[in-house]
Each structure stands twice: as C-alpha cells, then as structure tokens.
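Since the structure comes first, as structure tokens, the remarks are kept for the end.
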Amino acid sequence: MPSMLNVCIVDFCNCFSFDCDELLDQNHEDNQSMFIKGKKGEVCMGENLSRKIIKNHLLDGKIEPGEEIALKIDQTLTQDATGTMVCLEFEALGLSRVKTELSVSYIDHNTLQVGFENADDHLFLQSFARKYGMYFSRAGNGICHQVHLHRFAVPGKTLLGSDSHTPTCGSLGMLAIGAGGLNVAMAMAGQPFYMKMPEVVSVVLEGKLRPGVSAKDIILEILRCLTVKGGIGMIMEYTGPGVATLSVPERATVTNMGAELGATTSIFPSDERTFEFMKAQGREKGWIELKPDEDAEYDRVIYVNLDELEPMVAMPHSPDNVVKVGDLEGIKVDQVYIGSCTNSSYSDMAKAAAILEGKRVHPDVSLVVAPGSRQVFQMLARDGIIEKFIAAGARIIECACGPCVGVGQSPPSGGVSVRTSNRNFKGRSGTADARVYLASPETAAVAAITGKITDPRPFISNLIEIKEPTKYIVDDGMIILPADDPDRVKIRRGPNIKPLPLRDGLPNRLNKQVLLKVGDNITTDDIMPAGAKILPLRSNIPAISQYVFNGIDPDFPVRAQEAGGGIIVGGENYGQGSSREHAAIAPMYLGVRAVIAKSFARIHHDNLVNFGILPLCFKDKADYDRIKQGDLLEIDNLREGIKKGEIKVFNKTGGFEFNTYLTLSDRASKVILDGGLLNHIKKQSK
Ligand code: MIC
Ligand code: SF4
2 MPSMLNVCIV DFCNCFSFDC DELLDQNHED NQSMFIKGKK GEVCMGENLS RKIIKNHLLD
62 GKIEPGEEIA LKIDQTLTQD ATGTMVCLEF EALGLSRVKT ELSVSYIDHN TLQVGFENAD
122 DHLFLQSFAR KYGMYFSRAG NGICHQVHLH RFAVPGKTLL GSDSHTPTCG SLGMLAIGAG
182 GLNVAMAMAG QPFYMKMPEV VSVVLEGKLR PGVSAKDIIL EILRCLTVKG GIGMIMEYTG
242 PGVATLSVPE RATVTNMGAE LGATTSIFPS DERTFEFMKA QGREKGWIEL KPDEDAEYDR
302 VIYVNLDELE PMVAMPHSPD NVVKVGDLEG IKVDQVYIGS CTNSSYSDMA KAAAILEGKR
362 VHPDVSLVVA PGSRQVFQML ARDGIIEKFI AAGARIIECA CGPCVGVGQS PPSGGVSVRT
422 SNRNFKGRSG TADARVYLAS PETAAVAAIT GKITDPRPFI SNLIEIKEPT KYIVDDGMII
482 LPADDPDRVK IRRGPNIKPL PLRDGLPNRL NKQVLLKVGD NITTDDIMPA GAKILPLRSN
542 IPAISQYVFN GIDPDFPVRA QEAGGGIIVG GENYGQGSSR EHAAIAPMYL GVRAVIAKSF
602 ARIHHDNLVN FGILPLCFKD KADYDRIKQG DLLEIDNLRE GIKKGEIKVF NKTGGFEFNT
662 YLTLSDRASK VILDGGLLNH IKKQSK
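Counting in my numbering, the sequence shown runs from 2 upward without gaps.
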C-alpha cells in the first residue's frame, strides 16, 4: 500500500465494503497529520443538505437508509445515445407533453455521422423535443453535463438524467441522479423516481490544494481509497473549509466522478462560490443559499486533506487503480486527450494551454483537445487560448463526448493514452489492447510535451492566475425551445429507429443454461459496448443485441439465441459504469431471464428489473465458485420466491442446490412479475 493516505475514513457502522480498520491504522502510521473526529452518539441533531432536498421532494416512503423512497423530479436530462429509447418509452406512456419543470434533450455522444443513423436519430430527437415540450440542445452545443451545469442547474432542485454522470450538477447544490432511460421517461411523465434511501456520507475537505494539484486529484484519491464499489448506496456530501476553495467547475469534476465510486450522487452546498458562478452565467436570480445545518448528522464521515494531496493517476483498466503520478514517471505516452464531461471547463482548458504555450507536442504523441461546451469553445477562441493549442500542435475536435466513449481518436495498437476523462475500462477507447490512464489536465498537458507520464508541478509556474471567468459568453442560440403548436410537429423517424421490444411476464419455472460466467466489476461497457461502430445502433435493439458481450465473448448472442435464452452469472458490482439500459434491453431481447451475481451496481440493477430480468444475489458468495458456464439451472415456484425475496436454484448439472435473494421493494417485485415496467403499467391501466 502506498504511503500517502490523504483520505481518512471514520466508519459509524460495521458494514462498509472495505476494511476500514486497516485504513485507519495506515492513516496513523503513514500520515501524522491525519486525524479522526466524531463518535457514534455524538450530539448531532441537524439535517444534512441531501436529506433537506430529499425531504422537500418526498412523495412517499421513509427517509431511512435502505428504505424505498419516491421522489418528485423537477428536471430531466437525456442524451442522444440513451435518448431515443427514452422517447420511445415516453411515447408508449401515451402522454402529449412532458410534465416536469424542465426536460432537456442533448445531442453530444455520437456526432460522428458516418452513416445516416446518427443524423436520423438527431432529427428524431429534435422533432420529439419540439412536440413533447423539451428543450433541445443541438449537436455542437456541448456535452450534456457541462451545458446543463452552465445553463440549467438550480440549487435545491432534483435532476434525473439518462446518463450516469448526471451527478455533475450536484456541484451546484442540486440532487442530480443518473438512471436508466425508462426511469427518466417516467419522470418526464410526472411520475416519481423510486430509489432506496442512500446513506449520506460527509466528505470533509480540509485545507487547500497546492499548485499543480487539481480537483481531479481529489476524486482520484477518494477512488483509490474507496474503490469503484465504495460509494454504492451512498450520497457523497462535500463539507468542510476546503469546499470554499473550489470553484463550481472544480466541484463538478469531483461530483462527476462520484459516479465511478458507484455513489447514488454527490453534492456540494450552494454558497458564495455558487453565486459567483451563477452570476457569471447571468443566472444569479436562480441562486439560493443551501447548506447543511451546523450540527448536521451523517451516516459516515470521511476527511480529505487537500494540503497533502499530490497529482494522481488512475492506471488501466479501472478508475480506482490509482497511484501518484510520481510513481509512474517515465511511462511512454502515444496519445493525450484533454476534454470530456469531467475536465473541460474554461480553466481546465486554459491551464492546459498555458502549459503548452511556446512548446510543441512531442513527436510521438497525438494531442486531442475537445472543449466541453460551445460556450467554453467560444471563450477559448476569443481569449486566444485555442491559438495556443493550435500552435503547440494539438488536434482540436468538436465539443462532444467523442474519444471518451470510443467515438473517434482511438489510440494505436497497444498504445498508451493519458486522458482527462473518467473511465478507462478495457476497450472503451475503441482499441482493445490500449492502456488508458486518467489524470488532471495539468498532468495530461505535460505528458503531451514530454511524451512521458511526468509530475506536472515543475511545469506550472504560469498557472497561478488562471481562474474561471467572472462573466461567460451567454448565447443559448443552439438550444431550441418546445413548439407552441405541438400538434403540427411531425416526428421524423428514420429507418434505423425500431420499436422497443417487450417481453411477457415471468414464467413460474425456469430451466435455463448458464450462458456466461464473468468476474467482478463487469461494466455496462462490457455487457453492451459503445464506440463508433456500435453506438449508431442504439435505436435498433435487434441490431445492437448482436454485440452483447462483444469484447468478452463475441459468440454470446448466437449462443444465447440458439439456447433459447438463459442465465448470466456475475461477481461483485455487476453492471457498474454507464446507465445505458441497452445493457438490459439487448440481453432481454436475446432471451436472458436472470443474472445471478454477488452484488449489483444500482442503475443496472434497476434497468434489469425494468426489463423483466431477475437480479438474483448469491446468499453464500462461495456458491459462485461452484457454478460453471454451461451448467443447467432450474428454478421452481419463481413467482412465490419473488414475493418472499428468496429463491432456491437447483444446479442440475452439478447436482446441488443453492440459495439466492432479491433486494426488491413490493413495488419492484410486482414490476418484475409482470415482465418489466412497461408491461406493469399497461396491466395497471387495464
Ligand atoms: C458513458 O460515459 O459511459 C456514457 C456513454 O455517457 C453512458 C451513457 C450511455 O451509455 O449512453 C453513461 O455514463 O451513462
Ligand atoms: Fe460523454 Fe464521456 Fe461524459 Fe459519458 S463520461 S457523458 S461519454 S464525456
């Protein structure tokens, strides 16, 4: 274990997913400046910020960790890669207008348009938004999370987005949650969002970042300590004196990558820095002060000492595989990508440009720069910052997700790419054997010059003065408003947009083969890959289903269909990462009936339920080792088992029985019994 623990964890209960005592011991040994405060039973009576917002939006349920609550959703966000499904689902609900305060449809993920598919999707989404009352952010206007933060986020409101990085807007004091498309469609229809009440963790920021250390390093350090499953079932609420030292865009980097912790969301208070940001956006009227009570109570507390942080980097192939940049000094780099919804603010870009100023990109490196929004792009152009990038030899690409999700700019075979984005899962860049490292814009820019992973601190003398602007260029001309005469708007539906397939209710008996057995932390990128080739098929489930598990087992779709469907066996945190419900719909289409795993990631678990796939957990995790791919599993009395929350599975091939359980509320059990949420709604409305 490296000797630079800057995060100190105080655990108030025994069920944390990592060995807290070990971490605390190391804190003492490794870092004398660490300290632990707070004891169970201390006089803590006040309300934290997360619970305040939840209370204000509570439609049903008890605000107690683990209890299902129903929340009123004020705003929704969708993007092109998940949005077409959301629209088809919304259409199936039969309403004529969205019922939220604000719903925005963004085009940002797939703007490559190598064929008609993307262009058709964009037109479909545009006409749909006009007809059903959504704002529409055109291709070229920027990445949804950046644009939403700049132009629409409001402290104290709730936001549900069909993208896992929706919590980015938590940086502005919003309760912003990522969800599957169907949940977002329901919210657009004015229905509540159901979730298990998370624990609220106070992440106390102490001190101030030193020059050359950035917001990215904060969240990388937290990921190092907590891992990609350390935030499951939690809201990370940032508190403490260090909060005031961070601008809203810096906070956004932190809340953005809270998704990588598996957290339900992350949130900062709405304070003077928030006011400053909203004023600079010309939106100060929407500002309110929002903070936890002085004596607010939290389920857990974590301390992060900003003074002690160093530049960090996440090594391949997981965002929690974090070490100090100094430990990797000298690794040769082939590509550098500065951009994505994590690090593409004005100051991120300006800092990178200042490092590159007067220098030339290393001859062995391809440097790609993508500002996060048109607003930032325009300001960088006005302030001569784009010129610095061009002079240094950078390749400027449009403000969209692009390389982050393998849509263009894939690294060379076996190449090393240093990226400011948030995910470095194997193959996500579009090159199966590439090695992607996640780092701050400073570290990325320095690597572009030296051609090696390099500690950025000796290179940052000219960064001190770079701050967020006090006034942004405000021009919402690329946002199209809903139509005044919706009846006259015709939906434009290209030939690649196919109807959403549905499935019947669950049978009472399953007799199915284990189609695939996978390990821990399987991502939705593993289940349903993205990238330039597959993303254009997001509106066509029969076509995209042929790529399910493509990177792990390309024969999976054929095998699944030949076997008449079956069961998947997984390890811990099955379905982490993206919110894409295609990772449930496409397997459903291939006949997958159940996933038996050690544990599930929140959004994917809900997506499985929404599409009628049983998410079963091993009661005894050791049973995972006893099952082999190809085994025939039998489940009897399924409907009874779902009601009880416990299901016995007989492994006919191995000749043994094992126990599984479901963590479903009564509501969710009914949904799965009916074969998914849309079937359930249809049944209810009969
Ligand atoms: C991602 O970062 O993986 C994505 C692409 O933005 C996804 C959404 C999608 O798959 O369309 C996400 O984070 O939810
Ligand atoms: Fe887009 Fe990447 Fe952000 Fe996902 S993580 S929203 S693909 S920039």
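Beta carbons are placed, not taken as given, at the ideal position from N, Cα and C, and that holds for glycine.
Here the structure is a predicted model, which is why all the values come from computation and not from measurement.
| Query | Result |
| --- | --- |
| In the DSSP assignment, find the unbroken alpha helix (DSSP H) run with K653 in it and report its ends. | Where K653 is concerned, there is no enclosing alpha helix (DSSP H), given that its DSSP letter is neither H nor E. |
| Could you have a look at D61 and say whether DSSP puts it in helix, strand or coil? | strand |
| Using only the alpha-carbon positions, how far apart do D476 and T343 sit? | 22 Å |
| CB of H363 to nearest heavy atom of the ligand MIC: below 7 Å? | no |
| State the DSSP-derived secondary structure class of Y689, mapped to helix, strand or coil. | There is simply no residue 689 to check, as the chain begins at 2 and stops at 687 in what is shown. |
| Is R420 a contact residue of the ligand MIC, with contact defined as CB to any heavy atom under 7 Å? | no |
| Does the beta-carbon distance from F269 to G171 come in below 8 Å? | yes |
| What separation, rounded to the nearest whole angstrom, lies between the Cα atoms of L183 and E200? | 25 Å |
| Report buried or exposed for G642, applying the criterion of at least 16 other Cβ atoms within 10 angstroms of its Cβ. | buried |
| Considering Y304, what are the terminal residues of the alpha helix (DSSP H) in which it resides? | It is not in any alpha helix (DSSP H) - Y304 instead sits in the beta strand (DSSP E) that spans 301-306. |
| Can you list, in chain order, the residues of its chain whose CB lies under 6 Å from that of I481, leaving out five sequence neighbours each side? | F137 |
| Which runs of the beta strand (DSSP E) spanning at least 3 residues fall entirely within the stretch 510-577, listed in chain order? | 511-518, 567-570 |
| Run the Cβ filter for me: residues under 5 Å from any heavy atom of the ligand MIC, listed in the order they occur in the chain. | A82, T83, D164, S165, V406, S579, S580, R581 |
| Jot down the residue ranges of each uninterrupted alpha helix (DSSP H) in the stretch 367-426, minimum 4 residues, whole runs only, in chain order. | 375-383, 386-393 |
| Does the stretch 659-675 come close enough to the stretch 594-613 that 3 or more CB-CB pairs lie under 8 Å? | yes |
| What first and last residue would you give for the beta strand (DSSP E) that runs through F137? | 136-138 |
| From the DSSP secondary-structure annotation, give me the bridge partner or partners of P616. | V596 |
| Based on the DSSP secondary-structure assignment, which residues constitute the bridge partners of K197? | E69 |
| Would you check if the distance between the CB atom of V244 and the CB atom of L291 is smaller than 8 Å? | no |
| Tell me which residue opens and which closes the beta strand (DSSP E) that L247 is part of. | Taken as a continuous stretch (DSSP letters only), L247 belongs to no beta strand (DSSP E), as it is neither H nor E. |
| Give me the residue from G116, S104, S163 with the minimum Cα distance to Q757. | Because the chain is modelled from 2 through 687, residue 757 falls outside the range shown and cannot be assessed. |
| Considering Q147, what are the terminal residues of the beta strand (DSSP E) in which it resides? | First-last for Q147: 145-152, but that is the alpha helix (DSSP H), not the beta strand (DSSP E). |
| Just checking I144 against the ligand SF4 - is the residue's beta carbon closer than 7 Å to any of the ligand's heavy atoms? | yes |
| Cβ-heavy atom distance between N509 and the ligand SF4 below 7 Å? | no |
| Hey, how far is the Cα of C45 from the Cα of S51? | Residue placement at C45 cannot be trusted, given a pLDDT of 47 that sits under 50; what the coordinates show is reported in the next sentence. Using only the alpha carbons, I get a separation of about 16 Å. |
| Helix, strand or coil for G287 per DSSP? | helix |
| So who's on the other strand from E635, going by DSSP bridges? | N512, F651 |
| For S670, which residues of its own chain have a beta-carbon under 7 Å away from its beta-carbon, when the five flanking residues on both sides are left out? | I643, K644 |
| The ligand SF4 and H149: does any heavy atom of the ligand fall closer than 7 Å to the residue's C-beta? | no |
| Taking the continuous beta strand (DSSP E) assigned at S267, which residues delimit it? | 266-268 |
| Which value, in whole angstroms, describes the spacing of the CA atoms of R560 and T451? | 48 Å |
| Does DSSP put S670 in a helix, in a strand, or in coil? | helix |
| In angstroms with no decimal places, state the Cα-to-Cα distance between G39 and S203. | Unreliable positioning characterises G39 in this predicted model, as indicated by a pLDDT of 37, which lies under 50. A coordinate reading is not provided. |
| Taking the C-alpha atoms as reference points, what is the distance between R225 and P320? | 8 Å |
| Helix, strand or coil for V44, going by three-state DSSP, please let me know. | Bear in mind that the predicted position of V44 carries a pLDDT of just 43, short of 50, making it unreliable; the figure below should be weighed with that in mind. Coil, per DSSP. |
| For I339 and E285, what's the separation of their Cα atoms in angstroms? | 30 Å |
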